[in-house]
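Colleague:
Numbering (this note's numbering), first residue to last: 25 to 129.
1. Per DSSP, what kind of secondary structure is residue 65 in: helix, strand or coil?
2. Smallest Cα separation from residue 101: which of 88, 52 and 49?
3. Can you give me the C-alpha to C-alpha distance between residue 125 and residue 115, rounded to a whole angstrom?
4. Just reading off the beta strand (DSSP E) that residue 100 is part of, what are its end residues?
5. List the endpoints of the continuous alpha helix (DSSP H) containing residue 105.
6. Does DSSP put residue 37 in a helix, in a strand, or in coil?
7. Tell me whether residue 65 is buried or exposed, calling it buried when 16 or more other Cβ atoms sit within 10 Å of its Cβ.
8. Output the distance between the C-alpha atoms of residue 83 and residue 117, rounded to the nearest integer angstrom.
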């Protein structure tokens, strides 16, 4: 996990496959990134190396996205494999993650 500031953006990067973070860990991270005056906060979740998600991991991503929305933190999914991209489309999760506050990049 890395955190850095670029211009007016505070960004934190997490590799979802390598770091086994709990929901509480994500909540704490989102809370620490919560929008500060004039600073945009972004949580980048790197999905590289993942070809599928368990129901628990998908639930974790959904809950984190909802919490990030509430706190004004932009959630970005990065390095989404073609199989996960298809999964997100089939489950209609792509539109959920591809909203004004999050992005599949």
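We put the beta carbon where it would ideally sit given N, CA and C, even for glycine.
Modeller: Walking through what the data contain:
1. Within the chain shown, residue 65 is the residue found at index 41, counting from 1. In the structure shown, residue 65 sits in a strand (DSSP, three-state: E or B).
2. In the chain shown, counting from the first residue as 1, residue 101 sits at position 77. Ranking the options by Cα distance to residue 101, first place goes to 88.
3. Counting from one through the chain shown, the residue named residue 125 turns up at place 101. Counting from one through the chain shown, the residue named residue 115 turns up at place 91. With a pLDDT of only 47 at residue 125, under 50, the local geometry of the prediction cannot be trusted, and the value read off the model is given with reservation. Cα to Cα, the separation comes out at about 19 Å.
4. Start at 1 with the first residue of the chain shown, and residue 100 comes out as number 76. Segment 97 to 102, the beta strand (DSSP E) holding residue 100.
5. In the chain shown, counting from the first residue as 1, residue 105 sits at position 81. No alpha helix (DSSP H) holds residue 105; DSSP gives it neither H nor E.
6. Mapped onto the chain shown, residue 37 falls at position 13. Note: residue 37 maps to strand in three-state DSSP.
7. Along the chain shown, read from residue 1 onward, the residue named residue 65 stands at position 41. The residue in question, residue 65, is buried, as its Cβ has 16 or more Cβ neighbours within 10 Å.
8. Numbered from 1 along the chain shown, position 59 holds the residue referred to as residue 83. Numbered from 1 along the chain shown, position 93 holds the residue referred to as residue 117. Cα-Cα distance, rounded: 11 Å.
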